[in-house]
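> Below you'll find the structure I mean.
Protein chains: 4
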Amino acid sequence: MSKERRREELLDAARRVFAEKGFHEAKVGDIARAASVAKGTVYLYFPDKRSIFSELIDHLFLRLSGAILRVDTDGDVINQVKHNIRAVLGVLLDDPDSMRILFAHAGGVDPTFSEKIDAFYDGLKQMLAESLEEGQGLGIVADGDPRLYAAFTLGALKELLTEVTQNSEPRTREALVEAVYGLLESGYLRQ
Amino acid sequence: MSKERRREELLDAARRVFAEKGFHEAKVGDIARAASVAKGTVYLYFPDKRSIFSELIDHLFLRLSGAILRVDTDGDVINQVKHNIRAVLGVLLDDPDSMRILFAHAGGVDPTFSEKIDAFYDGLKQMLAESLEEGQGLGIVADGDPRLYAAFTLGALKELLTEVTQNSEPRTREALVEAVYGLLESGYLRQ
Amino acid sequence: MSKERRREELLDAARRVFAEKGFHEAKVGDIARAASVAKGTVYLYFPDKRSIFSELIDHLFLRLSGAILRVDTDGDVINQVKHNIRAVLGVLLDDPDSMRILFAHAGGVDPTFSEKIDAFYDGLKQMLAESLEEGQGLGIVADGDPRLYAAFTLGALKELLTEVTQNSEPRTREALVEAVYGLLESGYLRQ
Amino acid sequence: MSKERRREELLDAARRVFAEKGFHEAKVGDIARAASVAKGTVYLYFPDKRSIFSELIDHLFLRLSGAILRVDTDGDVINQVKHNIRAVLGVLLDDPDSMRILFAHAGGVDPTFSEKIDAFYDGLKQMLAESLEEGQGLGIVADGDPRLYAAFTLGALKELLTEVTQNSEPRTREALVEAVYGLLESGYLRQ
DNA sequence: TATGAATGAGGGTTCATTCAT
DNA sequence: CATGAATGAACCCTCATTCAT
Chain R
196 MSKERRREEL
206 LDAARRVFAE
216 KGFHEAKVGD
226 IARAASVAKG
236 TVYLYFPDKR
246 SIFSELIDHL
256 FLRLSGAILR
266 VDTDGDVINQ
276 VKHNIRAVLG
286 VLLDDPDSMR
296 ILFAHAGGVD
306 PTFSEKIDAF
316 YDGLKQMLAE
326 SLEEGQGLGI
336 VADGDPRLYA
346 AFTLGALKEL
356 LTEVTQNSEP
366 RTREALVEAV
376 YGLLESGYLR
386 Q
Chain C
196 MSKERRREEL
206 LDAARRVFAE
216 KGFHEAKVGD
226 IARAASVAKG
236 TVYLYFPDKR
246 SIFSELIDHL
256 FLRLSGAILR
266 VDTDGDVINQ
276 VKHNIRAVLG
286 VLLDDPDSMR
296 ILFAHAGGVD
306 PTFSEKIDAF
316 YDGLKQMLAE
326 SLEEGQGLGI
336 VADGDPRLYA
346 AFTLGALKEL
356 LTEVTQNSEP
366 RTREALVEAV
376 YGLLESGYLR
386 Q
Chain H
196 MSKERRREEL
206 LDAARRVFAE
216 KGFHEAKVGD
226 IARAASVAKG
236 TVYLYFPDKR
246 SIFSELIDHL
256 FLRLSGAILR
266 VDTDGDVINQ
276 VKHNIRAVLG
286 VLLDDPDSMR
296 ILFAHAGGVD
306 PTFSEKIDAF
316 YDGLKQMLAE
326 SLEEGQGLGI
336 VADGDPRLYA
346 AFTLGALKEL
356 LTEVTQNSEP
366 RTREALVEAV
376 YGLLESGYLR
386 Q
Chain X
196 MSKERRREEL
206 LDAARRVFAE
216 KGFHEAKVGD
226 IARAASVAKG
236 TVYLYFPDKR
246 SIFSELIDHL
256 FLRLSGAILR
266 VDTDGDVINQ
276 VKHNIRAVLG
286 VLLDDPDSMR
296 ILFAHAGGVD
306 PTFSEKIDAF
316 YDGLKQMLAE
326 SLEEGQGLGI
336 VADGDPRLYA
346 AFTLGALKEL
356 LTEVTQNSEP
366 RTREALVEAV
376 YGLLESGYLR
386 Q
């Protein structure tokens, strides 16, 4: 087996184990067993346990960052927004283990790691808030604190994803996209 | 010092320590030191470290559950919704350490614990979804999957709280309540 | 048992174990067993294995440094020289385990540690060489490189000590002192 | 490359690595890298790491044993003594890596190995002591314990070598021979 | 013969928990 | 009740050695 292939297998195994048990409950031996190798083998490919976890998160962040496009307010805003919702849902629903690691376990590693996670979310929120502010100038975003709107959006997406993964009710992605968009566009309370 | 008082002091100390370091990085010795007692004393009041953490979370859950009122669709729905938003914000902003434990660290303890957290959120979502379904019958909630709306709401609130605590920008609670309500009522995107 | 007492016991046990097995072959468990405590207890008194070894060597160095007096060439040189020989022999013969650690095992720990040992010997040689140089000025030390004389002296003492400890032949310390002095004063080859 | 040649290369590499790092800090991988072969190759030529170290020491011992001639008291004793001093200095100064392994690292391997080293020195001392005893019969060696004289001589030589290698001051070998001889013949203290 | 990926025993260290005082 | 020294299970990581290619 090629070195690169074995490395991928270890990452796959680690992803499954971390998703199930979290960072601290996942023992290096668990990862090795899940990959059907000896414990020592893990250390031929990674310097330590933490770096495996870190690589999984980094990779997920990269995919998310790559999938999201900064909204260009000169173009079709609605479809760009929907594209981004679709992109985020796509990345995370296609890799529910990574998603679970990020949402359920990434915070419990250690303070340094938490900062990294926070920084990523902060970056997203920042980018989103800037787009929203631009949108306010164009009158396509309601008045109000764009950081709050950004936080709403992120939170709604996160929890939606958690809900969708935990709950067995099957829903097409497009329906989810529309549901999120609907929320952003008109909420759900009616008088 | 009374037994009950000492127990409270230990919980207070544990809350601070867990909030700062998370479950695994917080050592029993840290908690003892924060409470100015010896390590052994902790075990006179709690059977183990996990149960302290658990009690903090349980207590927070109780306060949250107690603060939230099931919406009575016969009454003033708007104000009941706002009341609930206000209540959740109140409980969590008044006790930022508990909030941090819940949002940043509760997931990293172990799989069993994660289930407990998930179950609580699920209960909230369930209750909220039921109210929303009722509301749909009365025409005051838009058509669509009430579980999704419930997830949106929860997620938006969570992230809002994270944002508010992390970000230094000071905002009155009432402004936050109105902002959340505004989102639920009409979103923020305008064409 | 007092904390200080337990610490001494651990040092005593470590001294015996290190003397017998050397740094690497001596396991922390060996030291714990020799002191009749659990392995974890060792770490209540020392941060790590190396620091125990280091403390033993440091202590020995202190005792040696304290025992040796710089020779004052205004006084009775012969007796001062004999005093120093006697002092070094005394310190090391009274603590053969430490001696063995120093002579047989201290070099095998790691490069940093070896430097420390070298530095100590170098300091001794330096001090001795300076005294000898002074002695040359007074005509009581033969011409020649004082560093070499210092090295001879140290080496002769070291090996004498090794010999005396390994060999069962019992000899009074005073006889040893006289023998060393004799060597320094007139060698042993006769024509 | 011939089997024998490769074996020599591995020994050369090992000598360098052991001299620099000592037995425990020198990893088999270090040796392989220094010899520009793969780790597994080392094991085609040697059964284990210890045996490489052992062979280096054995070889050095052989060269030393071969260089030293038992003093024939019928002949020119002075020059035979000088010859031996010259021979030991020659062997060790020509191969400073082996010397460093012997003096600085051979003690730290394990108890069994330490015994081997001790045994070698003991053999040397024994041989030397016997010659000295013979010399005492002929009146060319002072009265006194010949084992002690042997120990002195060995120790002085060892430390001289250490000094010469560590210190940058350049000295001709003949000067060193004369210095050692001078010590043996008349010490360095004068009244 | 040479390779280097894989193995797995073993060791240092941590820390939740216990218990004698 | 309170203490804090002691315990020892458990884990991460290293590296000498093996073996399939």
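Chains as they are written, first to last, in this note's numbering: chain R, 196 to 386; chain C, 196 to 386; chain H, 196 to 386; chain X, 196 to 386. Using N, Cα and C, we set each Cβ at its ideal position, and we do this for glycine too.
In three-state DSSP terms, what is L297 (chain C)?
Mapped onto the second sequence, residue 297 (chain C) falls at position 102. Residue state, collapsed to three classes: helix.
> Name the residues in the segment 206 to 229 of chain H whose C-beta lies less than 8 Å from a C-beta of chain X; which are they?
Those would be E215, K216, G217, F218, H219, E220, in chain order.
> Is G382 (chain H) near L379 (chain X), with beta carbons less than 7 Å apart?
Start at 1 with the first residue of the third sequence, and residue 382 (chain H) comes out as number 187. Start at 1 with the first residue of the fourth sequence, and residue 379 (chain X) comes out as number 184. Yes, the Cβ-Cβ distance between G382 (chain H) and L379 (chain X) is below 7 Å.
> Contact defined as beta carbons within less than 8 Å: I believe A351 (chain C) pairs with V336 (chain C). What is the distance between those atoms, to the nearest angstrom?
Here residue 351 (chain C) corresponds to residue number 156 of the second sequence, with the count starting at 1. Here residue 336 (chain C) corresponds to residue number 141 of the second sequence, with the count starting at 1. Not a contact, Cβ separation roughly 16 Å.
> Compare the C-beta of V372 (chain H) against all C-beta atoms of chain X and say whether one is closer than 7 Å.
Within the third sequence, the letter at position 177 stands for residue 372 (chain H). Taking Cβ atoms only, chain X never reaches closer than 7 Å to V372 (chain H), which makes this a no.
> Kindly indicate the opening and closing residues of the alpha helix (DSSP H) around A262 (chain H).
Here residue 262 (chain H) refers to the residue found at position 67 of the third sequence. First-last of the alpha helix (DSSP H) with A262 (chain H): 244 to 262.
> According to DSSP, is V359 (chain R) part of a helix, a strand, or is it coil?
Counting from 1 along the first sequence, the entry for residue 359 (chain R) is found at position 164. Note: V359 (chain R) maps to helix in three-state DSSP.
> Could you pull the start and end residues of the alpha helix (DSSP H) that E364 (chain C) belongs to?
Here residue 364 (chain C) refers to the residue found at position 169 of the second sequence. From DSSP, E364 (chain C) is part of no alpha helix (DSSP H); its letter is neither H nor E.
> DSSP on V237 (chain X), reduced to helix/strand/coil?
Counted from its first residue, the fourth sequence places residue 237 (chain X) at position 42. It is helical.
> Give the C-beta separation of P291 (chain H) and E220 (chain X) to the nearest angstrom, bearing in mind that I take them to be a contact with Cβ-Cβ under 8 Å.
Working through the third sequence from its first residue, we reach residue 291 (chain H) at position 96. Working through the fourth sequence from its first residue, we reach residue 220 (chain X) at position 25. Not confirmed; about 27 Å, so no contact.
> Return helix, strand or coil for V171 (chain R), following the three-state DSSP convention.
Residue 171 (chain R) cannot be examined here, being either before or after the span of chain R that is shown, 196 to 386.
> Could you round the C-beta distance between I263 (chain C) and A233 (chain C) to whole angstroms and report it? I think they count as a contact, below 8 Å.
Translated into positions along the second sequence, residue 263 (chain C) becomes position 68. Translated into positions along the second sequence, residue 233 (chain C) becomes position 38. Going by Cβ atoms, the distance from I263 (chain C) to A233 (chain C) rounds to 40 Å, so no, they are not a contact pair.
> Given A230 (chain R), which residues of its chain have a CB within under 7 Å of its CB, disregarding the five upstream and five downstream residues?
Sequence index remark: in the first sequence, residue 230 (chain R) carries index 35 (1-based). For A230 (chain R), where only same-chain residues beyond five positions count, the Cβ hits under 7 Å are E204, L205, A208.
> With DSSP as the reference, label V157 (chain C) as helix, strand or coil.
As displayed, chain C neither begins before 196 nor continues past 386, which places residue 157 (chain C) out of reach and without an answer.
> When you compare the segment 238 to 245 of chain X with the segment 254 to 274 of chain X, are there three or more beta-carbon pairs, one atom per stretch, that lie closer than 8 Å?
The answer is no - the segment 254 to 274 of chain X does not touch the segment 238 to 245 of chain X, with fewer than three Cβ pairs under 8 Å.
> For S326 (chain C), which residues in chain R fall below 9 Å Cβ to Cβ?
Counted from its first residue, the second sequence places residue 326 (chain C) at position 131. Within chain R, no residue comes near S326 (chain C); the closest Cβ sits about 11 Å away, beyond 9 Å.
> Determine, using beta carbons only, whether F347 (chain R) comes closer than 7 Å to chain C.
Locating residue 347 (chain R) in the first sequence gives position 152, counting from the first residue. So yes, F347 (chain R) belongs to the interface.
> Cα-Cα, which of X:D317, X:R385, X:M294 is closest to E328 (chain H)?
Locating residue 328 (chain H) in the third sequence gives position 133, counting from the first residue. Per the Cα distances, X:R385.
> What separation, rounded to the nearest whole angstrom, lies between the Cα atoms of A370 (chain X) and G339 (chain H)?
For the purposes of this step, residue 370 (chain X) is identified with residue 175 of the fourth sequence, where counting begins at 1. For the purposes of this step, residue 339 (chain H) is identified with residue 144 of the third sequence, where counting begins at 1. Taking the straight line joining both Cα atoms gives about 10 Å.
> Mark L343 (chain H) as exposed unless 16 or more other C-beta atoms lie within 10 angstroms of its C-beta, in which case mark it buried.
Sequence index remark: in the third sequence, residue 343 (chain H) carries index 148 (1-based). So L343 (chain H) ends up on the buried side.
> Measuring CB to CB, does L259 (chain C) end up less than 7 Å from R368 (chain C)?
Residue mapping note: residue 259 (chain C) aligns to position 64 of the second sequence, counting from 1. Residue mapping note: residue 368 (chain C) aligns to position 173 of the second sequence, counting from 1. No; because the gap between Cβ atoms is not below 7 Å, this pair is not in contact.
> In whole angstroms, what separates the C-alpha of K216 (chain R) from that of F256 (chain C)?
Numbered from 1 along the first sequence, position 21 holds the residue referred to as residue 216 (chain R). Numbered from 1 along the second sequence, position 61 holds the residue referred to as residue 256 (chain C). Those two C-alpha atoms are separated by around 23 Å.
> Rounded to whole angstroms, what's the CA-CA distance from D269 (chain H) to G334 (chain H)? Just pull it up for me.
Taking the third sequence and counting its residues from 1, the one referred to as residue 269 (chain H) is at position 74. Taking the third sequence and counting its residues from 1, the one referred to as residue 334 (chain H) is at position 139. Each residue's Cα considered, the two are about 13 Å apart.
> Let me check one thing: in DSSP terms, what residues is L384 (chain H) bridge-paired to?
Within the third sequence, the letter at position 189 stands for residue 384 (chain H). Per DSSP, X:V336.
> For chain H, is any of its Cβ atoms less than 7 Å away from the one on K198 (chain X)?
Taking the fourth sequence and counting its residues from 1, one reaches residue 198 (chain X) at position 3. No, K198 (chain X) lies away from the interface with chain H (no Cβ there is under 7 Å from its Cβ).
> To the nearest angstrom, report how far apart F347 (chain C) and E354 (chain R) are at their CA atoms.
Sequence index remark: in the second sequence, residue 347 (chain C) carries index 152 (1-based). Sequence index remark: in the first sequence, residue 354 (chain R) carries index 159 (1-based). Approximately 6 Å, taken between the alpha carbons.
> Quick one, which of X:N362, X:I312, X:V359, X:L288 has its alpha-carbon nearest E250 (chain X)'s?
Counting from 1 along the fourth sequence, the entry for residue 250 (chain X) is found at position 55. When each option's Cα is compared against that of E250 (chain X), the closest is X:I312.
> For a contact defined as C-beta to C-beta under 8 Å, what are the partners of L352 (chain R) on chain C?
Residue mapping note: residue 352 (chain R) aligns to position 157 of the first sequence, counting from 1. Those within 8 Å of L352 (chain R) in chain C are G350.
> Give, in chain order, every residue of the segment 243 to 260 of chain X whose Cβ lies closer than 9 Å to some Cβ of chain H.
Correct list: empty, as no residue qualifies.
> What in chain H is Cβ-close to S381 (chain X), meaning under 9 Å?
Reading the fourth sequence from its first residue, position 186 is the one you call residue 381 (chain X). Simply A337, E380, S381, G382, L384.
> What does Q321 (chain R) touch in chain C if you count any residue whose Cβ is under 9 Å from its own?
Counting from 1 along the first sequence, the entry for residue 321 (chain R) is found at position 126. The contacting residues do not exist; Q321 (chain R) stays about 11 Å from chain C at best.
> Confirm, please, whether the CB-CB distance from K277 (chain R) to V372 (chain R) is below 7 Å.
Numbered from its first residue, the first sequence carries residue 372 (chain R) at position 177. Numbered from its first residue, the first sequence carries residue 277 (chain R) at position 82. Yes.
> Under DSSP, the alpha helix (DSSP H) around K222 (chain C) begins and ends at which residues?
The residue labelled residue 222 (chain C) in the question sits at position 27 within the second sequence. Element bounds for K222 (chain C): n/a, residue is neither H nor E.
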